[in-house]
Amino acid sequence: MRLPRRPPRLREAVAATLAGVLLAGCGTSLATGTAATSTTGSTAASTTTSTTVPAGVTTVAEALDANVTVEAGDTAYDDAEVTDVALSGTSATSDNDAVTSEDGTVSITAAGTYRLSGALDGQVVVDGAGDGVVRLVLDGATITSSTTAAVDVVDAQSVVVVLADGSNNTLADAATYADTSDEAPTGALYSTADLTIGGTGSLTVTGNANNGIVGKDGLVISGGTIEVTSVDDGIIGKDYLVVSDGDVTVDAVDDGLKADNTTDAGAGFVLVSGGAVTVTSEDDGVKGVQVLVSGGTIDVAESVEALEGSLIVIDDGDLELHSADDGVNVAATSAEGTDDSAATDGAGGPGGGGMAADRSLQLFVNGGTLEVWSSGDGLDSNGDATITGGDITVLGPTTEGNGALDVNGTFDVSGGTLVATGSAGMLVAPSADSSQGWIATVLTATASAGSEVVVTDDDGAEVATSTVEKDFASIVLSSADIEPGATYTVTVDGTDTTVTAGEAPAGGGPMGG
């Protein structure tokens with residue numbers, strides 16, 4: 349079986365100095381040649397520190413069944429019922445009494461469909477307490493505020509922003525807001541109501557003071573070409589942030605995509621079910637209490653940690669993740685963000701770092717394609733990790749103190765293909781009782797990027813090959829072609845190593861740090 353080969357990427361995850369700072373505090377490294385195999389027989393803690401994660405779920409569908417309901421607004425409308433709003437300078441004109449303009453503020457006070465076009469030096473405010481949907485059709489609209497958010501939904505049942513076909517639209521907020529109270533908006537496009545963004549046009553959002561797009565309830569992106577640049581977070585949904593279609597690009601100083609409700613059960617999830625998401629972030633790429641992927645593509649070009657949540661489930665989709673620290677990080681979530689302290693308090697159990705496992709924390713990979721380029725741990729779960737399918741490639745750290753795989757609890761592999769390479773100091777392998785065979789080995793010397801790994805069985809028949817596009821000193825491989833208990837030869841750069849499937853390298857056991 350020839351394992352997938354991907355071309356090398358020419359970009360860096362984040363500046364090397366940032367990676368160095370992060371790696372310096374990531375734990376104690378073991379000498380080359382030691383390893384750990386995750387088992388079910390550890391003394392790991394069973395406390396639950398992430399109470400908003402639904403229990404017993406293994407797939408995206410099961411998670412969504414247990415979560416709050418996603419409310420996606422309808423982007424279709426009847427053109428005969430549209431109210432045209434012409435933006436010009438610091439004012440706007442319309443023949444609907446629900447639209448008023450004063451001192452650069454255009455107010456919409458009733459449900460209905462409003463088509464905005466032109467350029468406004470000011471703000472659009474939606475403040476209608478009645479029932480019904482407020483639909484804003486952006487058709488060549490440019491809204492730039494010098495005092496606050498560009499669009500502020502103060503009160504509405506729900507709001508749908510439609511990007512008209514062929515239109516280019518721009519929203520930009522002020523660098524400093526006149527109102528900085530707790531009730532003030534915190535993004536260029538800000539909504540206190542359920543918000544849906546769709547259509548086939550484009551939208552460019554610049555968050556000059558804080559975030560780009562903020563939904564204080566639920567936020568759904570169902571179409572369009574959306575580009576967000578922000579000095580803080582890129583796109584935030586409180587209860588959920590869903591991308592079901594469209595082309596979304598985020599360049600953020602803080603997190604890229606985020607759902608931040610850490611208190612209500614079944615809330616705080618990011619779901620990507622379709623479309624294309626590209627994130628460049630100086631913090632985390634995609635972050636939520638739950639991160640759920642059932643389709644589409646996710647390309648995290650730069651991040652500290654690419655995916656982060658208390659529950660991460662990947663059922664399908666195509667993901668490529670670049671990180672200065674962990675590529676996939678499953679950790680307890682609090683109001684302040686993720687918190688690894690519960691995992692670091694424990695001692696002694698086998699698995700990544702010898703830390704106590706929090707069994708409420710779960711990683712499931714059931715399908716899709718996942719490629720991780722990490723300077724820290726590649727796949728890191730402070731609880732358990734389960735792989736039932738998918739094509740997984742981990743190009744892990746080249747320095748000690750982290751590993752391509754780091755699982756504190758049970759690490760079960762029953763399907764799919766896993767190729768994880770990286771440094772050797774903290775090698776972690778799947779649980780010994782995993783139903784799918786796996787091999788793990790430490791090389792006698794670090795192999796250079798571009799080296800080919802060839803695995804052959806006792807008869808000399810080729811079982812698997814993979815070209816590794818990053819320096820590496822250890823290999824973990826699992827596939828349906830690996831027979832538990834069988835002996836294999838791993839050849840790298842002409843050097844052979846004999847391994848037994850299901851056995852970690854000599855010296856394996858609990859790790860400190």
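For the sequence shown, the numbering used here begins at 349 and goes up steadily by one.
Note that CB positions come from ideal geometry on N, CA and C, so glycine has one too.
1) Going along the chain, which unbroken runs of the beta strand (DSSP E) with 3 or more residues stay wholly within the stretch 768-832?
2) Answer yes or no: does any C-beta atom of chain C fall closer than 9 Å to that of Leu709?
3) Just reading off the alpha helix (DSSP H) that Glu653 is part of, what are its end residues?
4) Could you check the C-alpha separation between Thr518 and Asp674 for me, to the nearest Å?
5) Is the beta carbon of Gly616 closer than 9 Å to that of Val641?
6) From the DSSP output, in three-state form, read off Glu429 for me.
7) Return the Cβ separation of Ser506 and Glu419 in integer angstroms, given the expectation that the two are a contact with Cβ distance under 8 Å.
8) Would you say the stretch 637-654 touches the stretch 422-434, given that touching needs at least three Cβ pairs under 8 Å?
9) Are the CB atoms of Leu775 and Val803 within a distance shorter than 9 Å?
10) So Val634 and Leu605 are in contact, right, with Cβ under 8 Å, and what is the actual spacing, rounded?
11) Taking 8 Å as the cut-off, does the stretch 787-797 touch the stretch 722-739 (at least 3 CB pairs, one atom from each stretch)?
12) How many angstroms separate the CA atom of Thr453 from the CA atom of Ala532?
13) One question on the structure: do Gly585 and Gly555 come within less than 9 Å of each other, judged by their Cβ atoms?
14) Which first and last residues belong to the beta strand (DSSP E) in which Glu575 is found?
15) Express the C-alpha separation of Gly460 and Gly478 in angstroms, rounding to a whole number.
16) Give the DSSP bridge partners of Asn558, in chain order.
17) When DSSP builds the beta bridges, which residues end up paired with Gly716?
18) What are the boundary residues of the alpha helix (DSSP H) that Val408 is part of?
19) Under the DSSP definition of a beta bridge, which residues are partnered with Asn730?
20) Could you check which residue in Leu619, Gly614, Asp632, Asn609 has the C-alpha nearest to that of Asp602?
21) Hey, how far is the Cα of Ala383 from the Cα of Pro745?
22) Kindly indicate the opening and closing residues of the beta strand (DSSP E) around Ser449.
23) How many angstroms separate the CA atom of Leu511 from the CA atom of Thr438?
24) Is the CB-CB distance between Gly594 and Gly560 below 9 Å?
25) Roughly how many angstroms separate the alpha carbons of Val501 and Val509, rounded to a whole number?
26) Taking the C-alpha atoms as reference points, what is the distance between Thr846 and Val811?
27) Report the CB separation of Ser762 from Ser783 in whole angstroms; it is logged as a contact under 8 Å.
In this structure, then:
1) 775-777, 786-795, 799-804, 810-816, 820-826
2) Checking the listed chains, one finds no chain C in this structure; it contains a single protein chain.
3) Your numbering for residue 653 matches position 305 in the sequence shown. Taken as a continuous stretch (DSSP letters only), Glu653 belongs to no alpha helix (DSSP H), being part of the beta strand (DSSP E) at 653-657.
4) The residue given as residue 518 occupies position 170 in the sequence shown. The residue given as residue 674 occupies position 326 in the sequence shown. In a straight line, the C-alpha of Thr518 is about 34 Å away from that of Asp674.
5) The sequence position of residue 641 within the sequence shown is 293, counting from 1. The sequence position of residue 616 within the sequence shown is 268, counting from 1. Contact flag unset, no.
6) Residue numbering aside, residue 429 sits at position 81 when the sequence shown is read from its first letter. Helix at Glu429.
7) Locating residue 506 in the sequence shown gives position 158, where the first residue counts as 1. Locating residue 419 in the sequence shown gives position 71, where the first residue counts as 1. Going by Cβ atoms, the distance from Ser506 to Glu419 rounds to 7 Å, so yes, they are a contact pair.
8) no
9) The residue labelled residue 803 in the question sits at position 455 within the sequence shown. The residue labelled residue 775 in the question sits at position 427 within the sequence shown. No, the Cβ-Cβ distance between Val803 and Leu775 is not below 9 Å.
10) As a first step, residue 634 must be located in the sequence shown, where it is residue number 286. As a first step, residue 605 must be located in the sequence shown, where it is residue number 257. That pair is a contact at about 5 Å.
11) no
12) In the sequence shown, residue 453 corresponds to position 105, counting from 1. In the sequence shown, residue 532 corresponds to position 184, counting from 1. Thr453 and Ala532: Cα-Cα distance of roughly 15 Å.
13) One-based indexing of the sequence shown puts residue 585 at position 237. One-based indexing of the sequence shown puts residue 555 at position 207. No. Outside cutoff.
14) Locating residue 575 in the sequence shown gives position 227, where the first residue counts as 1. 573-578 is the span of the beta strand (DSSP E), which, as asked, contains Glu575.
15) Working through the sequence shown from its first residue, we reach residue 478 at position 130. Working through the sequence shown from its first residue, we reach residue 460 at position 112. Straight-line Cα distance between these residues: approximately 11 Å.
16) For the purposes of this step, residue 558 is taken as residue 210 along the sequence shown, with counting starting at 1. Looking at the DSSP assignment, Asn558 forms no beta bridge with any residue, so it has no partner.
17) Walking along the sequence shown from the start, residue 716 turns up at place 368. In the DSSP output, where bridge partners are listed per residue, Gly716 has none listed.
18) Taking the first residue of the sequence shown as position 1, residue 408 is located at position 60. Note, Val408: alpha helix (DSSP H), 408-414.
19) Residue numbering aside, residue 730 sits at position 382 when the sequence shown is read from its first letter. Answer by DSSP bridge pairing: none, since Asn730 is not bridged.
20) In the sequence shown, residue 602 corresponds to position 254, counting from 1. Among Leu619, Gly614, Asp632, Asn609, the Cα nearest to that of Asp602 is on Asp632.
21) Translated into positions along the sequence shown, residue 383 becomes position 35. Translated into positions along the sequence shown, residue 745 becomes position 397. Below a pLDDT of 50, predicted positions are generally treated as unreliable, and Ala383, at 45, falls in that range; no measurement from the model is reported.
22) Position 101 of the sequence shown holds residue 449. Residues 447-450.
23) Walking along the sequence shown from the start, residue 511 turns up at place 163. Walking along the sequence shown from the start, residue 438 turns up at place 90. Whole-angstrom Cα-Cα distance: 22 Å.
24) Against the sequence shown, residue 594 aligns to sequence position 246. Against the sequence shown, residue 560 aligns to sequence position 212. In this structure, Gly560 does not lie closer than 9 Å to Gly594 by Cβ.
25) By 1-based counting over the sequence shown, the position of residue 501 is 153. By 1-based counting over the sequence shown, the position of residue 509 is 161. Cα to Cα, Val501 sits roughly 11 Å from Val509.
26) Against the sequence shown, residue 846 aligns to sequence position 498. Against the sequence shown, residue 811 aligns to sequence position 463. Near 14 Å, if we compare the C-alpha coordinates of Val811 and Thr846.
27) If you number the sequence shown from 1, residue 762 lands on position 414. If you number the sequence shown from 1, residue 783 lands on position 435. At roughly 5 Å, the Cβ-Cβ gap stays under 8 Å, so Ser762 and Ser783 are in contact.
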